[in-house]
Amino acid sequence: MQNNIMTNLPQGWKMETLGEILSSDKYSIKRGPFGSALKKSFFVEKGIRIFEQYNPINNDPHWKRYFISHEKFQELEAFKATEGDLLISCSGTLGKIVELPKDTEMGIINQALLKIRLNNIKILNSYFIYYFNSPIMQEKILESTLGSTIKNIASVKILKQIEIPLPPLKKQERIVGILDESFAKIDESIKILEQNLLNLDELMQSALQKAFNPLKDNAKENYKLPQSWEWKSLEEISENISAGGDKPKNCTESKTAKNQIPVYANGVNNNGLVGYTDKATIIKPSLTISARGTIGFVCIRKEPYFPIVRLISLIPCENILCLHYLYFCLNFFIAKGEGSSIPQLTIPKFKSLQIPLPPLKEQEQIAKHLDFVFEKTKALKELYTKELKDYEELKQSLLNKAFKGKL
145 MQNNIMTNLP QGWKMETLGE ILSSDKYSIK RGPFGSALKK SFFVEKGIRI
195 FEQYNPINND PHWKRYFISH EKFQELEAFK ATEGDLLISC SGTLGKIVEL
245 PKDTEMGIIN QALLKIRLNN IKILNSYFIY YFNSPIMQEK ILESTLGSTI
295 KNIASVKILK QIEIPLPPLK KQERIVGILD ESFAKIDESI KILEQNLLNL
345 DELMQSALQK AFNPLKDNAK ENYKLPQSWE WKSLEEISEN ISAGGDKPKN
395 CTESKTAKNQ IPVYANGVNN NGLVGYTDKA TIIKPSLTIS ARGTIGFVCI
445 RKEPYFPIVR LISLIPCENI LCLHYLYFCL NFFIAKGEGS SIPQLTIPKF
495 KSLQIPLPPL KEQEQIAKHL DFVFEKTKAL KELYTKELKD YEELKQSLLN
545 KAFKGKL
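The sequence shown runs 145 to 551 under this note's numbering.
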């Protein structure tokens, strides 16, 4: 586990292994007990709390849901965690860390955690936490994982060999102070960006609400519509509604000289594209709606295609229904209503879905306006998302500099 990234340390710094900076306490580094030692059958309503992965993953030392009796605690006292200890997630979601502050209720760790107690004469908990979250340390943790399906941090023996750059305590305090101040400013900017993203989602929903309920009627179903609008079922305004069948036997992952027709299934990834075949079953411009998995995911399909695995296809009646209007309408009604509450969308249920239908010209105007709003919000979302990524990269850059003595 030797790491050669940090060979030129600043004056007064030294490299020490994790094992060398642990407290002298008997159980200063301890993996949680085997599952058989901490079964759910041992849990009681009140007693000694159990720390779980949730605590480090969410940086919340106070969250708790399970308890064991005082008698069971005496059997498992080696796994005790108390104020000043650091808990690390070491199964599945790796490398998250939380410090147990002074007001933390004592408890025991479960099998998915690692407990560390440091020698605070050598190293500050806050300094170690920042180093632990740095790209350098995270790479070491990943290097030490075992298993390809479910990741696990390696044995305590290997972990204790990880080297850590150690400046004097005063220097540690200075580094922590700079990082605290810098991270606080970055986190405030991140918070504003995250709120901006939420505001964009609300703006999009508000635009849909105004478009499809212009009179702002509070009725849940078949609310009042403007004059010349009417409620219509999808079956009434569609030329055809059908569900995809089996995947064609000649389907290929990529286009070939023969296979040029896209094959679509239920799914969000790549808009449901799963391959290519040589014949289309849907020729006209249409919509597809995921009937399983991500229920209600809607796509406009302008080219011929082959739907499979119960993917619903809808071909609108010409001169009655605007394809783009229906796209936004279904996003409003299905995604908002049905998508979260049913395991699958059936053809009969889909055909009976009622939507508000204005005259065709008005449909086109509404679709054009929503296109404009959605394109603007999409561009802003991409911008805010990029800025969030930039801030996270800035954090990592600061951590890298901090532990090379360059702050």
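Where is the CB? At the ideal position from N, CA and C, for every residue including glycine.
- Taking a contact as a CB-CB distance under 8 angstroms, the pair residue 277 and residue 543 counts as one, their CB atoms being some 7 angstroms apart.
- Exclusion of the five residues before and after residue 419 leaves 395, 396, 397, 407 as the residues of its chain whose Cβ lies within less than 7 angstroms of its Cβ.
- With 16 or more other CB atoms across the displayed protein chains lying within 10 angstroms of its CB, residue 197 is buried.
- For residue 496, the closest of 377, 184, 342 by C-alpha to C-alpha distance is 377.
- DSSP places residue 387 within a strand segment (E or B) once states are collapsed to three.
- Distance between residue 510 and residue 501, taken at the CA atoms: about 11 angstroms.
- Within the same chain, 205, 207, 231, 242 come within 7 angstroms of residue 199 by CB-CB distance, once the 5 residues on both sides are set aside.
- As computed with DSSP, residue 374 is found in a beta bridge with 501.
- Looking at 213, 345, 313, the one whose alpha-carbon comes closest to that of residue 526 is 345.
- Apart from sequence neighbours up to five positions away, the residues of its chain that approach residue 508 with a beta-carbon distance below 6 angstroms are 466, ordered along the chain.
- Distance check between residue 359 and each of 368, 352, 351 places 368 closest, using alpha-carbon atoms only.
- Shown here, residue 318 sits in a helix according to DSSP, grouped into three states.
- Non-local beta-carbon contacts of residue 261 in its own chain, meaning distances under 6 angstroms to residues more than five positions away in sequence, involve 167, 169, 172, 229 in chain order.
- Straight-line measurement puts the Cα of residue 154 at about 7 angstroms from the Cα of residue 548.
- About 5 angstroms separates the CB atoms of residue 257 and residue 176; that is less than 8 angstroms, so the two are in contact.
- Secondary structure note for residue 470: its alpha helix (DSSP H) is the uninterrupted segment 467-477.
- Contact between the stretch 183-197 and the stretch 246-253 is present: 3 or more CB-CB pairs across the two stretches fall below 8 angstroms.
- When rounded, the separation of the alpha-carbon atoms in residue 159 and residue 435 is 57 angstroms.
- Nearest in C-alpha terms to residue 312, of all of 475, 320, 337, is 320.
- Collapsing the DSSP output to three states places residue 368 in coil.
- Residue state for residue 529 is assigned as helix, using DSSP reduced to three classes.
- Considering only 238, 225, 209, 341, the residue with the shortest C-alpha distance to residue 245 is 225.
- With fewer than 16 other Cβ atoms inside 10 Å of its own Cβ, residue 353 counts as exposed.
- When the beta-carbon positions are compared, residue 450 and residue 411 stay at least 9 angstroms from each other.
- Inter-residue distance for residue 223 and residue 174 is about 7 angstroms (C-alpha atoms, whole angstroms).
- Residue burial annotation: residue 426 is buried, with at least 16 other C-beta atoms found within 10 angstroms of its C-beta.
- According to the DSSP secondary-structure assignment, residue 232 is paired through a beta bridge with 241, 258.
- Beta-carbon to beta-carbon, residue 430 and residue 459 are separated by about 5 angstroms, close enough to satisfy the 8 angstroms threshold.
- With a beta-carbon spacing of about 18 angstroms, residue 470 and residue 416 fall beyond the 8 angstroms limit used to define contacts.
- For the set 428, 438, 437, the Cα lying nearest the Cα of residue 445 is the one of 428.
- Listed in chain order, the beta strand (DSSP E) elements of length 3 or more contained wholly in the stretch 163-220 are 173-175, 192-195.
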